[in-house]
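**Student:**
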Amino acid sequence: QVQFAESGGGLVQAGGSLRLSCVVSASTFRINPWGWYRQAPGKERELVARISSGGGTTNYEESIEGRFTISRDNAKNTVYLNMNALTPEDTAVYYCNVPFRPLTWGQGTQVTVSS
Numbered sequence: 211q212v213q214f215a216e217s218g219g220g221l222v223q224a225g226g227s228l229r230l231s232c233v234v235s236a237s238t239f240r241i242n243p244w245g246w247y248r249q250a251p252g253k254e255r256e257l258v259a260r261i262s263s264g265g266g267t268t269n270y271e272e273s274i275e276g277r278f279t280i281s282r283d284n285a286k287n288t289v290y291l292n293m294n295a296l297t298p299e300d301t302a303v304y305y306c307n308v309p310f311r312p313l314t315w316g317q318g319t320q321v322t323v324s325s
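Taking our numbering, the leading residue of the sequence shown gets 211, the next gets one more, and so forth.
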């Protein structure tokens with residue numbers, strides 16, 4: 211069973227930065243694409259960034275384009291999300307999972323951006 215362990219969230223002021231990490235317990239890590247989702251209060255969970263198996267292709271939801279960067283380290287079974295220029299609208303619980311076909315969710319990591 212694939213498991214996800216997200217970390218790196220916290221409370222930050224608007225304009226600040228955070229780096230999220232997700233360790234994925236999957237023997238097939240290096241051949242799978244991965245994505246970051248987020249769920250804001252009162253809203254549905256949405257896919258905001260994804261990265262191809264080789265890491266050469268990334269895609270972003272429009273609201274985070276140019277501010278967030280997804281990356282992966284296949285040697286560490288880890289997916290990262292570097293977040294810059296954070297705004298209060300980025301406040302959410304962030305999760306990693308398979309893009310478009312999520313498996314069982316991890317606990318996520320809370321990101322709170324104050325104005």
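We treat Cβ as the ideally placed atom computed from N, Cα and C, and that holds for glycine. Treat the numbers as computed from the prediction; the structure is a model and nothing was measured.
(1) Let me check understanding here. Comparing Cα to Cα, which of MET293, VAL308, PHE239 lies closest to ALA302?
(2) With distances taken from CA atoms, which of PRO251, GLY252, THR268, LYS253 is nearest ALA259?
(3) Going by the DSSP bridge assignment, what does PHE214 pair with across the sheet?
(4) Quick check: what's the CA-CA separation for GLY226 versus SER262?
(5) Quick check: what's the CA-CA separation for PRO312 versus SER325?
(6) The beta strand (DSSP E) spanning ALA224 covers which residue range?
(7) Which residues mark the beginning and the end of the beta strand (DSSP E) in which VAL308 is found?
**Tutor:** So, to answer that:
(1) MET293
(2) THR268
(3) VAL234
(4) A straight-line Cα-Cα distance of about 27 angstroms links GLY226 and SER262.
(5) Roughly 32 angstroms between the two C-alpha positions.
(6) Taken as a continuous stretch (DSSP letters only), ALA224 belongs to no beta strand (DSSP E), as it is neither H nor E.
(7) Note, VAL308: premise wrong, no beta strand (DSSP E); not H, not E.
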